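4 protein chains.
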Amino acid sequence: MKKNPVDSRRIKESAILEAALRVIKKKGFHKARMGDIAREAGISYGLVYHYFKTKEDLLETILGRWWDGLFGLMAETRAAGENVPEKLRRIILFLLDSYQHHPNLVNIFITEISRSTANLTRKRLERFKGFMALTEEVIVEGQTKGVLRDDFKARYLTYIFLGSLEAFVSAMVLVNQKIKGDGQKEKIAESILEVFLNGARNKKKAKRPGA
Amino acid sequence: MKKNPVDSRRIKESAILEAALRVIKKKGFHKARMGDIAREAGISYGLVYHYFKTKEDLLETILGRWWDGLFGLMAETRAAGENVPEKLRRIILFLLDSYQHHPNLVNIFITEISRSTANLTRKRLERFKGFMALTEEVIVEGQTKGVLRDDFKARYLTYIFLGSLEAFVSAMVLVNQKIKGDGQKEKIAESILEVFLNGARNKKKAKRPGA
Amino acid sequence: MKKNPVDSRRIKESAILEAALRVIKKKGFHKARMGDIAREAGISYGLVYHYFKTKEDLLETILGRWWDGLFGLMAETRAAGENVPEKLRRIILFLLDSYQHHPNLVNIFITEISRSTANLTRKRLERFKGFMALTEEVIVEGQTKGVLRDDFKARYLTYIFLGSLEAFVSAMVLVNQKIKGDGQKEKIAESILEVFLNGARNKKKAKRPGA
Amino acid sequence: MKKNPVDSRRIKESAILEAALRVIKKKGFHKARMGDIAREAGISYGLVYHYFKTKEDLLETILGRWWDGLFGLMAETRAAGENVPEKLRRIILFLLDSYQHHPNLVNIFITEISRSTANLTRKRLERFKGFMALTEEVIVEGQTKGVLRDDFKARYLTYIFLGSLEAFVSAMVLVNQKIKGDGQKEKIAESILEVFLNGARNKKKAKRPGA
DNA sequence: TATGAATGAGGGTTCATTCAT
DNA sequence: AATGAATGAACCCTCATTCAT
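Chains as they are written, first to last, in my numbering: chain U, 1 to 211; chain G, 212 to 422; chain P, 423 to 633; chain B, 634 to 844.
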């Protein structure tokens with residue numbers, strides 16, 4: 001029984017990508033050498049180039065996977081006839097899910113792309129803005145349906161929503177914290193959504209002495 | 212009348228730092244060459260080394276300025292006997308102020324440091340965590356005084372607060388948006404604080420009979 | 423009926439050599455990659471190594487064909503009891519013939535070998551000098567028999583003869599000019615020989631009273 | 634007395650160019666490594682790049698010098714109201730002169746450019762054709778004035794003329810022959826011109842037994 | 001203080017060649 | 001005979017840093 005050469009290729013590609021994820025996470029994209037990646041993948045130097053045209057191509061492939069997942073989710077979310085809070089929860093869970101299963105991928109997305117102008121190509125910026133726009137769409141829907149307050153620009157609320165979410169994941173990335181099981185994940189999602197919707201103010205004992 | 216040599220040195224150093232800010236903003240720290248910075252500052256690149264030991268030192272000095280300001284603020288904030296929302300507003304305004312007056316500095320802080328593991332030294336991580344801890348202190352104070360809800364970890368609320376804030380500034384950085392005057396700045400600060408405290412949910416149409 | 427395996431081998435070898443000729447002509451020997459040659463021949467690049475030990479071996483084989491033909495001609499020429507101008511015409515026609523039927527081969531000979539020290543091995547230099555010597559032999563014969571002037575070194579006349587010839591072919595190679603039929607070929611040969619023998623000076627208007 | 638920095642730069646550039654000439658002559662352009670050139674020039678690796686942008690730039694500069702000289706000569710030749718044989722002699726002498734004083738330069742011109750398609754850029758081809766055209770102009774003038782036979786295309790005579798000349802120099806290049814003094818140079822020039830004008834046929838004893 | 005020539009380690013990429021299948 | 005995955009030496013170029021002036 002021979003191995004299917006196409007599968008074999010896929011497997012090797014994935015192995016290289018995984019190795020790249022580990023190395024880039026550790027050293028950053030710039031300081032990650034192709035030799036490091038090859039060694040990490042347990043293959044020779046030149047073989048990386050058999051599968052990926054350039055180092056940049058490697059990053060692009062990695063990011064492509066991320067974006068494919070993210071835009072896929074946004075399409076599903078749009079299609080599903082759920083209410084707005086449920087849609088927002090989906091977005092939160094996608095990021096947390098991604099982080100749970102591919103922490104290196106999320107790390108790289110956050111450290112190398114979402115903030116770094118150094119690696120920001122036009123294509124990447126467009127994708128980024130595209131994702132922002134889709135999120136804003138949900139926020140606008142919420143405002144239109146009266147679920148979300150409309151005394152602030154949708155754009156502002158979008159920033160705040162995604163900012164909270166990203167800060168969470170970033171912080172976990174920064175301190176290498178793992179998500180322990182689905183329970184914790186749900187709890188975090190709940191916190192983010194709840195605070196975004198209802199705020200951090202304590203409503204029960206709302207008497208502020210110095211107010 | 213000769214110029215004071217110490218002042219003269221300061222002036223030149225600042226000129227180099229400003230040039231560095233512009234170049235790093237444009238190309239990212241890694242791709243910013245010492246030659247670029249020297250040319251931007253209008254001096255020979257050998258001279259940069261008279262004022263700064265290494266390229267890394269340049270970045271360190273730039274970041275030092277940022278952190279000095281931030282920790283100075285946090286000290287003031289701590290000292291001032293204000294209530295918690297006021298303290299939070301101070302933090303927000305410091306970031307927006309910084310961005311207003313030194314957009315490049317904030318940009319670099321956000322793109323090169325707050326997210327990139329590549330340039331993350333132990334020292335930087337410590338400062339970062341230190342700032343987080345000071346912010347969390349304010350949050351805890353809010354929970355203790357009953358101003359902020361305590362059904363979530365203070366750590367979570369801190370993430371959400373700083374995340375919203377950072378997302379705002381980052382987004383402005385990303386699209387090169389300028390803050391037009393203090394009015395807009397106050398308004399943005401108000402939005403962030405208001406949503407953080409009271410949430411994005413529309414309370415007018417909520418089923419609150421006694422509203 | 424199976425194909426004769428030896429013939430089969432020959433056919434494949436030739437296919438590779440032809441492909442190599444085309445690629446080397448287009449990109450030069452150095453820039454011609456084994457992969458290019460394989461693709462041009464419609465086979466995998468590993469297979470090239472079944473037929474030719476190295477890239478160098480490929481070139482050697484190509485050149486060998488050329489030299490075999492050339493030395494074969496020179497032997498014939500020597501054997502044939504023709505007069506000197508006839509012998510010179512033979513040499514000219516051989517080159518033009520070769521160019522007519524194997525322009526790529528002649529191109530490579532001229533661009534990669536006859537001039538480039540880069541690809542000049544001892545063996546190649548020897549063959550080159552050998553050909554020069556054989557040509558010079560004809561020239562000397564001409565001088566001895568009183569057909570060619572002997573107020574110049576035979577070596578000089580040889581240079582001039584081969585130089586004219588080579589320049590013609592080179593120029594055609596350079597501009598990718600095709601030889602259109604035997605007529606044009608004969609005419610070119612005639613021009614070269616005529617000018618070599620009688621010079622470019624216009625004798626009609628020359629003051630030769632007894633003309 | 635300080636050295637003029639501009640002069641100093643010129644001197645260093647020339648030193649590098651001379652080193653490059655030697656190395657390229659020995660190994661061919663392709664096999665000449667920048668490291669070889671640096672070592673040959675007695676300087677560090679990186680310094681070559683201080684003076685020349687790329688390896689290609691080095692070659693371009695070398696060739697530029699050659700072409701500048703050649704086109705300069707052609708302009709002078711055109712301007713001088715000499716007769717056609719004198720003009721042809723000038724062209725011959727320029728090449729022989731160049732070879733006498735810069736044998737490596739001529740070698741590279743001949744081996745890397747005049748024949749190699751590998752290094753043939755559009756710009757180079759244009760210059761080459763330009764030189765051919767200028768030479769042809771002289772030939773046409775000769776035909777018009779009745780000095781040269783007009784029963785052959787001017788283009789053909791041009792090939793033959795330049796071919797003879799080039800073959801001479803090439804042959805000397807190939808066997809590393811030096812031109813010993815101006816006397817030999819004049820003699821060679823005379824030979825080439827004489828044979829080109831009057832042919833190789835022995836007119837004195839023009840009786841060819843087998844004719 | 002100021003210049004920019006000089007250094008050289010480092011890294012991305014290419015490609016001839018080998019080898020397992 | 002045939003494929004193409006695998007290897008790794010080689011080489012161009014960049015650029016932070018040093019140094020002579």
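Positions of the beta carbon are idealized from the N, C-alpha and C atoms, including for glycine.
Bear in mind that the values here come from a model prediction, so they are computed numbers and not experimental data.
Residue i (DSSP reduced to helix, strand or coil)
i, result
"serine 641 of chain B", "helix"
"alanine 417 of chain G", "With a pLDDT of 44 at alanine 417 of chain G, under the threshold of 50, the modelled position of this residue cannot be trusted; read the value that follows with caution. Alanine 417 of chain G: coil per DSSP, three-state reduction."
"glycine 675 of chain B", "coil"
"arginine 244 of chain G", "coil"
"leucine 753 of chain B", "coil"
"asparagine 740 of chain B", "helix"
"lysine 153 of chain U", "coil"
"threonine 687 of chain B", "coil"
"methionine 1 of chain U", "Interpretation of methionine 1 of chain U is limited by its pLDDT of 47, a score under 50 that renders its predicted location unreliable; the figure taken from the coordinates is listed afterwards. Coil."
"glycine 81 of chain U", "coil"
"histidine 523 of chain P", "helix"
"isoleucine 179 of chain U", "coil"
CB of residue i within 8 Å of CB of residue j, strictly
i, j, result
"leucine 654 of chain B", "isoleucine 695 of chain B", "yes"
"leucine 510 of chain P", "leucine 615 of chain P", "yes"
"isoleucine 446 of chain P", "isoleucine 530 of chain P", "yes"
"lysine 567 of chain P", "valine 528 of chain P", "no"
"glutamate 347 of chain G", "alanine 365 of chain G", "yes"
"serine 255 of chain G", "glycine 280 of chain G", "no"
"asparagine 809 of chain B", "valine 569 of chain P", "no"
"tryptophan 67 of chain U", "arginine 122 of chain U", "no"
"isoleucine 582 of chain P", "serine 797 of chain B", "yes"
"threonine 791 of chain B", "isoleucine 772 of chain B", "yes"
"glutamine 733 of chain B", "lysine 659 of chain B", "no"
"methionine 34 of chain U", "lysine 53 of chain U", "no"
"serine 662 of chain B", "leucine 692 of chain B", "For clarity, residue 662 of chain B is phenylalanine in the given sequence; the question names serine instead. Contact flag set, yes."
"alanine 252 of chain G", "alanine 286 of chain G", "no"
"serine 402 of chain G", "tyrosine 156 of chain U", "yes"
Cross-strand partners of residue i (DSSP beta bridge)
i, result
"arginine 201 of chain U", "G:Leu359"
Contact belief for residue i with residue j at Cβ below 8 Å, rounded distance in angstroms
i, j, result
"glycine 410 of chain G", "valine 195 of chain U", "7 Å"
"tyrosine 473 of chain P", "isoleucine 438 of chain P", "6 Å"
Which of the residues in the region 799 to 824 of chain B, read from start to end, lie with their CB under 7 Å from any CB of chain P?
Glu799, Ala800, Phe801, Ser803, Ala804, Ser824
Under 7 Å, CB to CB, which of the residues in the region 720 to 739 of chain B have a partner in chain P?
none
The region 349 to 364 of chain G: which residues have C-beta closer than 9 Å to a C-beta of chain U, in chain order?
Ile350, Gly353, Gln354, Lys356, Gly357, Val358, Leu359, Arg360, Asp361, Asp362, Phe363, Lys364
Would you list, in chain order, the members of the region 191 to 202 of chain U that have their beta-carbon closer than 7 Å to a beta-carbon of chain G?
Ser191, Ile192, Val195, Phe196, Leu197, Asn198, Gly199, Ala200, Arg201, Asn202
Note down, in chain order, all residues in the region 656 to 687 of chain B with a beta-carbon under 8 Å from any beta-carbon belonging to chain P.
Lys658, Lys659, Lys660, Gly661, Phe662, His663, Lys664
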